[in-house]
Amino acid sequence: MDDLVEYDGTTGTFALHTPTTTYAVRLTDAGPRQVYWGPRLTLAQVVSVPDRPRTGDEVLGEELPGEGGERFGPPSVRLEFADGTRAVEWRADGHAIDGGRLTVTLVDLHYPVRLDLHYQVYDDGDVVERWAALTHLGETAPIVLERLDSAAWTLPPRADYRLSYVVGEWAAEFQLKRTRAAYGETTWTSRRGTSRHQGNPWLSVDPGDTTEEYGEVWSTALAWSGTWKLTSRRTLADDLVVTAGAGQDGLRWRLAPGETWTTPVAAGLYTRDGFGGLSRRWHDYARRHVLSHPDEVRPVLYNSWEGTWFDVTEANQREIAAVAADLGVELFVMDDGWFGRRLSDSAGLGDWWPNPDRFPAGLTPLVDEVHRLGMRFGIWVEPEMVNPDSDLYRSHPEWTLHLPNRFRTEVRTQLVLNFARPDVAEWAHGWLDRLLTEHRIDFLKWDMNRAFTEAGWADSADPHRLWYDHTRTVYAILDRLRADHPHVRIESCASGGGRADFGVLRRTDQVWTSDNTDPVDRIAIQDGYSQVYPATTMGAWASENPNPLTRREIPLRFRFHVAMAGALGVSGNLRDWSKEDRVEAAAMIVLYKRIRHVVQHGVLHRLTPPTDQIVVVQYVNGDETVIFAWRPQARHGHPTRPVRLRGLDPEASYREGSTVYSGAVLAGYGLDLDLPPGDYASVVCHLTRVGR
Ligand code: DGJ
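Mapping of the sequence shown onto my numbering: residues -8 to 683, in sequence order.
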């Protein structure tokens, strides 16, 4: 096998190779500069790429620009030494190569600080992982840190650039936008404590002519679930740099002598295979290097939220569980309302014991009953939160984020616990661990339903650290729970898809994508989610009719067909579902179980944009392919066109039922979609290769 990382000592050039790409940096007097990121080159070819050290009157291409010198862009490293100096002057202080890992070390010419730039490439995918670590080498005064990004990415010169990203809000997450890169600086950020609905910590750049299947794209995704900032800067000379890291503007914290501050990973990816190729590579990366159980199929779950809302009781959950089991559900998840005095969203968060009126003998009878019915048992928690009307808050008001002399802004009548406090962290881990130890719980839905406000910590000498340490504590608790309860699977939720990123996916198995379960709205939400994250992590429920949020009336078949493009779940008051609906839902679940290994483990091809009259997505896994076609609204005079499939063997034949198709015809002419007439028409095709 060729070396993943090569070094040319004469020119100081490193070439990091992935199967189809090369990322190259060159050491200069001022530290490493990126010289190349694109289709794979040899080391000799990379060495011949000339330096392009300036744009206008500024330094260009630094891997992690700081302040000082002719640097006028957004600093990726922002620090202040004890004497007030903010400029950095680096000199290279060695490097280490270990398989696919490269570390380049810089030290300041005068001040006691070291910056390690880390890179990791793999032989099974084109992602370049980057992160940084800053170490205080001195013995006395602290260094003030204001920013340490994971990576700055300098895009190769092109005449134009377009940016792809998602924006959103609650119940409308992951809305994909593609806009021409503005000149000047454009920032995407979260100041809310989590990655949140309003954006997601990734950004893709293309030259403006890339399509779903063809063309170049560069992309970066930050593996971090707290606040974040990504800034793109385009100069008059059309040089474009993206810097990406954890934390928002305005934070300051102290690095103590001897301490190292390490960033999360920013992953980068280049492809020539269009936006679809980019997504497939991100999904593959998630499976190989992020998810812990990528080879499992996610079970069909039932969730009580849109069925019984806050009114969960042992009796009603038993009744619904019986119906759910009949439908073929494999995992029964009891959502909010089971603990403390949690009769609505105004009380109880923090009091994590079963409500004695609702569960007089505790949770065990229900857990046992769910298992007896042949399902796994899951439960909802929101560990980072407290209602002021709770025993926890009455005994520990100091545990919440707050500022002296300021209101404690309540959102959903709740406050945020300061997870940066060791006593809070210990308390949270303690009750979660007991909950899992004392009950046969198989699944946790970890929710987080409000943004940070007044994020202060009066007793702390360094309060801004809590923005990072809160997220680190969430990660640490998840890591411990998973280590100690290895059979438990976890869903990340933050009022829907407010905490979906490669950081949380390293510790969870799926995401609750959105509180919007209307399948018409979901088509766009799922399309945006799928740009980076794979279907196996995309929780999707077929829910009530009319939809609880939008009040739209939609046939059950359409609701299921849209949800079946992810990790299928069901919600609603199943006791009231008609016999016909139950029979149809059970049939849908049977079908889903037949195709889910293709959906969850296959590769995705988005065959149409999500705005087309008929939206078609295809998954391919080995010899099988599954096609979903959805037409929310029929329009007269717009006939159904055949849809050309991708990823099939043109020499092979594919069968569905008694119909056999040629792979070449499916790719060249296409598949005629057998859509029923009218609105909310949908179809699922499952084709299996039958040989050449
Ligand atoms: C927000 C989640 O997104 C919902 O699914 C549900 O769990 C509620 N919280 C419960 O309060």
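By construction, the Cβ of each residue, glycine as well, lies at the ideal position given by its N, Cα and C atoms.
- prompt: CB R646 to CB V611, shorter than 7 Å?
  reply: Result no, Cβ atoms of R646 and V611 do not sit closer than 7 Å.
task: Note down the Cα distance separating A658 from R309, rounded to an integer number of angstroms.
output: In this structure, the straight-line span from the alpha carbon of A658 to that of R309 is close to 49 Å.
- prompt: Can you give the Cα-Cα distance for G52 and W448, rounded to whole angstroms?
  reply: In this structure, the alpha-carbon of G52 lies about 38 Å from that of W448.
- prompt: Is the beta carbon of E58 less than 7 Å from the beta carbon of P66?
  reply: Remark: C-beta atoms of E58 and P66 approach each other more closely than 7 Å.
- prompt: W458 lies in the alpha helix (DSSP H); which residues open and close that run?
  reply: First-last of the alpha helix (DSSP H) with W458: L457 to D475.
- request: Rounded to whole angstroms, what's the CA-CA distance from R187 to Y459? Just pull it up for me.
  value: C-alpha separation (whole angstroms): 15 Å.
field: Alpha-carbon to alpha-carbon, W193 and R153
entry: Distance between the alpha carbons of R153 and W193: 14 Å.
- request: Enumerate in chain order the residues of its own chain whose CB-to-CB distance from L408 is below 7 Å, with the five nearest sequence positions on each side excluded.
  value: Within the same chain, L408 has close Cβ partners E375, M376, V377, W390, T391 and V415.
- prompt: Which of helix, strand or coil does DSSP assign to T226?
  reply: Correct three-state label for T226: coil.
task: Assign L34 to one of three DSSP states: helix, strand, or coil.
output: L34 falls in the helix class under three-state DSSP.
Helix, strand or coil at E137 [DSSP, three-state]: Of the three classes helix, strand and coil, the one that applies to E137 here is strand, per DSSP.
- request: Only counting runs of 3 or more residues, tell me where the beta strand (DSSP E) segments fall wholly within the region 507 to 585, in order along the chain.
  value: Counting only runs that start and end inside the region 507 to 585, the beta strand (DSSP E) elements of at least 3 residues fall at 529 to 533 and 558 to 562.
message: Can you give me the C-alpha to C-alpha distance between R332 and A162, rounded to a whole angstrom?
response: Distance between the alpha carbons of R332 and A162: 27 Å.
task: Helix, strand or coil for H596, going by three-state DSSP, please let me know.
output: Strand, per DSSP.
- request: Pick helix, strand or coil for A655, following the three-state DSSP scheme.
  value: The answer is helix: DSSP assigns A655 an H, G or I state.
field: I514 and P600 closer than 7 Å at C-beta
entry: 7 Å or more divides the Cβ of I514 from the Cβ of P600.
query: Which value, in whole angstroms, describes the spacing of the CA atoms of A123 and S337?
result: Their backbone Cα atoms lie some 42 Å apart in a straight line.
- prompt: Where does T428 sit, in a helix, a strand or coil, going by DSSP?
  reply: The answer is helix: DSSP assigns T428 an H, G or I state.
Residue of P525, P633 and D640 minimising C-alpha distance to Q591: Here the closest residue by C-alpha is P525.
First and last residue of the uninterrupted beta strand (DSSP E) at A316: No beta strand (DSSP E) holds A316; the alpha helix (DSSP H) holding it covers E305 to L318.
- request: Below 6 Å CB to CB, which residues in the same chain sit around P731 once its five sequence neighbours on both sides are set aside?
  value: Since the first and last residues shown for the chain are -8 and 683, residue 731 lies out of range.
message: Below 6 Å, is the gap between the Cβ of D512 and the nearest heavy atom of the ligand DGJ?
response: Checking every heavy atom of the ligand DGJ against the Cβ of D512, none is found closer than 6 Å.
- request: Report the residue from A467, Q166, P413 and V511 whose alpha carbon sits nearest the alpha carbon of Y520.
  value: From the listed residues A467, Q166, P413 and V511, the smallest Cα separation to Y520 is found for Q166.
query: Assuming T234 contacts T222 under a Cβ cut-off of 8 Å, what Cβ separation, rounded to an integer in Å, is found between them?
result: The pair is a contact, with the Cβ atoms about 5 Å apart (cut-off 8 Å).
Residues near R349 in its chain [Cβ-Cβ closer than 8 Å; skip 5 each side]: V303, T304, E305, G328 and W329.
message: Between which two residues does the beta strand (DSSP E) holding E297 run?
response: First-last for E297: W296 to T299, but that is the alpha helix (DSSP H), not the beta strand (DSSP E).
- request: Note down the Cα distance separating E571 from L547, rounded to an integer number of angstroms.
  value: Roughly 10 Å separates the two Cα atoms.
Around the ligand DGJ, Cβ to any heavy atom closer than 6 Å, ordered along the chain: One residue after another in chain order, those with a Cβ under 6 Å from a heavy atom of the ligand DGJ are W296, D326, D327, W371, D438, N440, C484, S486, G487, W503 and D506.
task: Check each candidate in T527, D115 and T13 and name the one with the smallest Cα separation from M555.
output: Nearest of T527, D115 and T13 to M555, Cα basis: T527.
- prompt: Short check: CB of V112 to CB of L(-5), under 7 Å?
  reply: Contact: yes.
message: Please classify T462 as buried or exposed, where buried requires at least 16 other C-beta atoms within 10 Å of its C-beta.
response: Buried, by the Cβ-count rule.
field: Residue burial classification, D230 (beta-carbon count within 10 angstroms, cutoff 16)
entry: Per the 10 Å Cβ criterion, buried.
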